[in-house]
Amino acid sequence: MIVKTLGRVDYAATEAAMRAFTEQRDADTPDELWLCEHDPVYTQGIAGRSEHVLSPEGIPVVRTNRGGQVTYHGPGQVVAYPLVDLRRLGIYVKEYVYRLEQAVLKTLADYGVTGHRVSGAPGIYVKLADPFGHARLADPAPGADPFTGLGKIAALGIKVSQHRTYHGVALNVAMDLQPFLGIDPCGYAGLQTIDLARLGISTDWSEAAARFAKRLAAQLTP
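In UniProt numbering, the protein residues as written are 1 to 222.
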């Protein structure tokens, strides 16, 4: 896998470049992993509903062809775009999503943070009251809010075309989290977001990106 650290790049231009790469690649094209951060932008998934954008406050809202609802990208977030041939890797979409989440979990573990999955809600979450504890996340009671006490630290939204992936996963490192209040993150009203900085983890973007890239490459290399 070829890892490219792009730094701060325009979202729309990057999405267009991902799409072009995917359309032009063939069976022999090496997989790539792009790491970047974006200026403030809300991105809306293909089935995204406008009512989940509450108060954009001048932040542009860009429609995309990825899965999922609305999310926010901004400085201090590591955005990873794996451009992977799933057929060559020998896996299907469900396993691909699992591996992306595994890479996030292992990256968090590198910092001593315990991440959790929530059934039916792609991405990774942490217990706000005990982010470093190792207790299993209890199943919510019937009818209860599954996100009570949790903060979302990584969002996931992908597109697969002819077994080839683009879009990807975003890990919150040290952000201004205020813009998340302008949306229902990933379509869930009241869902809290968190980053490593607010968990007391001191790291910079480059170091976090390098750790995340290592974990993603390990999950996505045959």
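Note that beta-carbon positions come from the ideal geometry of N, C-alpha and C, so glycine has one too.
Residue i vs residue j beta-carbon contact at 8 Å
| i | j | result |
| --- | --- | --- |
| residue 44 | residue 22 | no |
| residue 1 | residue 31 | yes |
| residue 79 | residue 33 | no |
| residue 59 | residue 182 | yes |
| residue 88 | residue 69 | no |
| residue 107 | residue 211 | yes |
| residue 205 | residue 76 | yes |
Alpha carbon of residue i to alpha carbon of residue j, nearest angstrom
| i | j | result |
| --- | --- | --- |
| residue 62 | residue 38 | 13 Å |
| residue 100 | residue 147 | 20 Å |
| residue 73 | residue 142 | 33 Å |
| residue 135 | residue 190 | 24 Å |
| residue 54 | residue 178 | 13 Å |
| residue 199 | residue 221 | 31 Å |
| residue 90 | residue 165 | 13 Å |
Close-in-space but distant-in-sequence residues of the same chain around residue i (CB under 7 Å, 5 per side omitted)
| i | result |
| --- | --- |
| residue 151 | 125, 126, 128, 192, 193 and 194 |
| residue 216 | 33, 80, 82 and 103 |
| residue 252 | With the chain running from 1 to 222 in the structure shown, residue 252 is simply not present. |
For residue i, the residue or residues it bridges with in DSSP
| i | result |
| --- | --- |
| residue 73 | 41 |
| residue 83 | 32 |
Assigned secondary structure, residue i (DSSP; H/G/I helix, E/B strand, else coil)
| i | result |
| --- | --- |
| residue 97 | helix |
| residue 92 | coil |
| residue 15 | helix |
| residue 151 | strand |
| residue 5 | strand |
| residue 185 | helix |
| residue 32 | strand |
| residue 156 | strand |
| residue 223 | In the structure as shown, the chain begins at 1 and stops at 222. Residue 223 is therefore absent and cannot be evaluated. |
Close-in-space but distant-in-sequence residues of the same chain around residue i (CB under 6 Å, 5 per side omitted)
| i | result |
| --- | --- |
| residue 13 | none |
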